[in-house]
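So the sequences go chain by chain: A and B. Each number in this note's numbering corresponds to the 1-based position in the first sequence with 2 added. Each number in this note's numbering corresponds to the 1-based position in the second sequence with 11 added. Virtual Cβ for every residue (Gly too), placed ideally from N, Cα, C.
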Amino acid sequence: MTDQVSQDILTKIEFDDEGFMTDPGAWTPEIASAIAAREGISLTERHWIVINFNREEFEANGEAPTLRRITKNTEVDTKEIYSLFPGGPAKMAAKISGLGKPTGCI
Amino acid sequence: MTNGNRKLCLIASKGSLDMAYPPLILANSARMGGIEVDLFFTFWGLDIITKKKMKKLNVATVGNPNMHPWFHIPTLLGALPGMSAAASWMMRREIDKLDFPPVDEFIQTIIDSGAKVYGCKMSMDMMGLTQEDLVEGAEILGAMEMLDLADGAQVVFV
Numbered sequence: 003m004t005d006q007v008s009q010d011i012l013t014k015i016e017f018d019d020e021g022f023m024t025d026p027g028a029w030t031p032e033i034a035s036a037i038a039a040r041e042g043i044s045l046t047e048r049h050w051i052v053i054n055f056n057r058e059e060f061e062a063n064g065e066a067p068t069l070r071r072i073t074k075n076t077e078v079d080t081k082e083i084y085s086l087f088p089g090g091p092a093k094m095a096a097k098i099s100g101l102g103k104p105t106g107c108i
Numbered sequence: 012m013t014n015g016n017r018k019l020c021l022i023a024s025k026g027s028l029d030m031a032y033p034p035l036i037l038a039n040s041a042r043m044g045g046i047e048v049d050l051f052f053t054f055w056g057l058d059i060i061t062k063k064k065m066k067k068l069n070v071a072t073v074g075n076p077n078m079h080p081w082f083h084i085p086t087l088l089g090a091l092p093g094m095s096a097a098a099s100w101m102m103r104r105e106i107d108k109l110d111f112p113p114v115d116e117f118i119q120t121i122i123d124s125g126a127k128v129y130g131c132k133m134s135m136d137m138m139g140l141t142q143e144d145l146v147e148g149a150e151i152l153g154a155m156e157m158l159d160l161a162d163g164a165q166v167v168f169v
């Protein structure tokens, strides 16, 4: 029942109406797995490449990177990022990385 | 928020550099947010997915009232040789500054994102274009079939 356990972590976390964490500083890798599970995604090594890049960029620049920045700077390309995060990779990757809703258009 | 079955159908009918970006940006944003996208290129819009032209789209410097932020030039001067090339160069530079991809790369990203890209059959016949002239991944479609695809979608004409 790992799903059940991981969902419990989320009860202590605040989310906005669309499911984005309101405090990116409260994020942990365990929370990422729980959010992903809630969204129906089981995280693999490839997901973590994107999530770790998101977190690094956020810590360096204070905002989530654009998809273009992710695909230009990691080994995950456009096709792969869409298959890793179905239902919209920009929103989904930011959500799982504990970041706010992305506003960029590339 | 889930986008459920939300679907966007974009019709790109203009092939100048400044008019190529709006439908591409909309298409890309929609895909990033999980919205299904069909992009239909018709008339001059076909240049955007024509291999020989997509890298060389230009900004018109005559009869284009929309270019003030980049280039303040009176219409008469805009007709001088090199003006359109200069304006296009400036726009490409601005686009690059924003880290937006050039048109050919943008189209590839959009195709890779799972959007469907179509060339209008009638326009292609008119311009003597065939499948080989279009970027890989593009399909050819008649207007009637496009309208079938657009059933239930939000349609945007550019």
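Residue i versus residue j: straight-line alpha-carbon distance, rounded
{"i": "G130 of chain B", "j": "T53 of chain B", "result": "6 Å"}
{"i": "G90 of chain A", "j": "K14 of chain A", "result": "26 Å"}
{"i": "L101 of chain A", "j": "A38 of chain A", "result": "13 Å"}
{"i": "T76 of chain A", "j": "H49 of chain A", "result": "11 Å"}
{"i": "L109 of chain B", "j": "I72 of chain A", "result": "15 Å"}
{"i": "L88 of chain B", "j": "S99 of chain B", "result": "15 Å"}
{"i": "T13 of chain B", "j": "M133 of chain B", "result": "Residue placement at T13 of chain B is flagged as unreliable, the pLDDT there being 47, under the threshold of 50; the coordinate-derived value follows with that caveat. C-alpha separation (whole angstroms): 37 Å."}
{"i": "N119 of chain A", "j": "I22 of chain B", "result": "Past the edges of chain A, shown from 3 to 108, lies residue 119 of chain A, and the structure says nothing about it."}
{"i": "A154 of chain B", "j": "K127 of chain B", "result": "15 Å"}
{"i": "L166 of chain B", "j": "I46 of chain B", "result": "Per the sequence shown, residue 166 of chain B should be read as Val rather than Leu. Taking the straight line from one Cα to the other gives about 13 Å."}
{"i": "I43 of chain A", "j": "F87 of chain A", "result": "8 Å"}
{"i": "C20 of chain B", "j": "P85 of chain B", "result": "36 Å"}
{"i": "D19 of chain A", "j": "K97 of chain A", "result": "12 Å"}
{"i": "D10 of chain A", "j": "T46 of chain A", "result": "21 Å"}
{"i": "K103 of chain A", "j": "I151 of chain B", "result": "36 Å"}
{"i": "S95 of chain B", "j": "M135 of chain B", "result": "26 Å"}
{"i": "F117 of chain B", "j": "D107 of chain B", "result": "12 Å"}
{"i": "K66 of chain B", "j": "D144 of chain B", "result": "13 Å"}
{"i": "D25 of chain A", "j": "F17 of chain A", "result": "8 Å"}
{"i": "V2 of chain A", "j": "A90 of chain B", "result": "Since the first residue shown for chain A is 3 and the last is 108, residue 2 of chain A is missing from the structure and cannot be characterised."}
{"i": "G93 of chain B", "j": "M102 of chain B", "result": "14 Å"}
{"i": "K64 of chain B", "j": "G163 of chain B", "result": "32 Å"}
Exposed unless 16 or more other CB atoms sit within 10 angstroms - verdict on residue i
{"i": "T68 of chain A", "result": "buried"}
{"i": "N39 of chain B", "result": "buried"}
{"i": "M94 of chain A", "result": "buried"}
{"i": "N63 of chain A", "result": "exposed"}
{"i": "M23 of chain A", "result": "buried"}
{"i": "V73 of chain B", "result": "exposed"}
{"i": "A16 of chain B", "result": "Reading off the sequence, residue 16 of chain B comes out as Asn, not Ala. So N16 of chain B counts as exposed."}
{"i": "E61 of chain A", "result": "exposed"}
{"i": "L37 of chain B", "result": "buried"}
{"i": "E59 of chain A", "result": "buried"}
{"i": "R147 of chain A", "result": "The requested residue 147 of chain A does not occur in the structure, where chain A is confined to residues 3 to 108."}
{"i": "S85 of chain A", "result": "exposed"}
{"i": "V7 of chain A", "result": "With a pLDDT of 47 at V7 of chain A, under the threshold of 50, the modelled position of that residue is not reliable, and the figure given next carries that caveat. Classification for V7 of chain A: exposed."}
{"i": "T120 of chain B", "result": "buried"}
Residue i vs residue j beta-carbon contact at 7 Å
{"i": "L68 of chain B", "j": "A31 of chain B", "result": "yes"}
{"i": "V70 of chain B", "j": "D29 of chain B", "result": "yes"}
{"i": "M43 of chain B", "j": "A92 of chain A", "result": "yes"}
{"i": "G80 of chain A", "j": "D123 of chain B", "result": "One point to set straight first is that residue 80 of chain A is Thr, not Gly, in the sequence displayed. Cβ distance < 7 Å, so T80 of chain A and D123 of chain B count as in contact."}
{"i": "F111 of chain B", "j": "I83 of chain A", "result": "no"}
{"i": "A149 of chain B", "j": "I59 of chain B", "result": "no"}
{"i": "S99 of chain A", "j": "R40 of chain A", "result": "no"}
{"i": "K25 of chain B", "j": "W55 of chain B", "result": "yes"}
{"i": "V169 of chain B", "j": "P34 of chain B", "result": "yes"}
{"i": "L12 of chain A", "j": "A28 of chain A", "result": "no"}
{"i": "D49 of chain B", "j": "L140 of chain B", "result": "no"}
{"i": "M138 of chain B", "j": "F51 of chain B", "result": "no"}
Residues bridged to residue i [DSSP beta-bridge criterion]
{"i": "G130 of chain B", "result": "B:F52, B:I151"}
{"i": "I22 of chain B", "result": "B:F51, B:F168"}
{"i": "T61 of chain B", "result": "B:L145"}
{"i": "M23 of chain A", "result": "A:F17"}
Please identify, using Cβ separations under 7 Å, the residues of the region 35-65 of chain B that lie next to chain A, in order along the chain. Those residues of the region 35-65 of chain B that come within reach of chain A (Cβ to Cβ, closer than 7 Å) are I36, N39, S40, M43, G44, G45.
Using Cβ-Cβ distances below 7 Å, what residues of the region 42-65 of chain A are close to chain B? From the region 42-65 of chain A, no residue has a Cβ closer than 7 Å to chain B.
Closer than 9 Å between beta carbons: that is the criterion. Which residues of the region 123-143 of chain B meet it against chain A? Answer set for the region 123-143 of chain B: D123, S124, G125.
Which residues, in order along the region 77-89 of chain A, keep a beta-carbon less than 8 Å from a beta-carbon of chain B? Taking 8 Å as the Cβ-Cβ cut-off against chain B, the residues of the region 77-89 of chain A that qualify are D79, T80, K81, Y84, P88, G89.
Near-chain A residues of the region 101-112 of chain B - C-beta to any C-beta below 9 Å: Those would be L109, D110, F111, P112, in chain order.
Select from the region 14-32 of chain A all residues with a C-beta closer than 9 Å to any C-beta belonging to chain B, and list them in chain order. The region 14-32 of chain A vs chain B, Cβ under 9 Å: D19, E20, G21.
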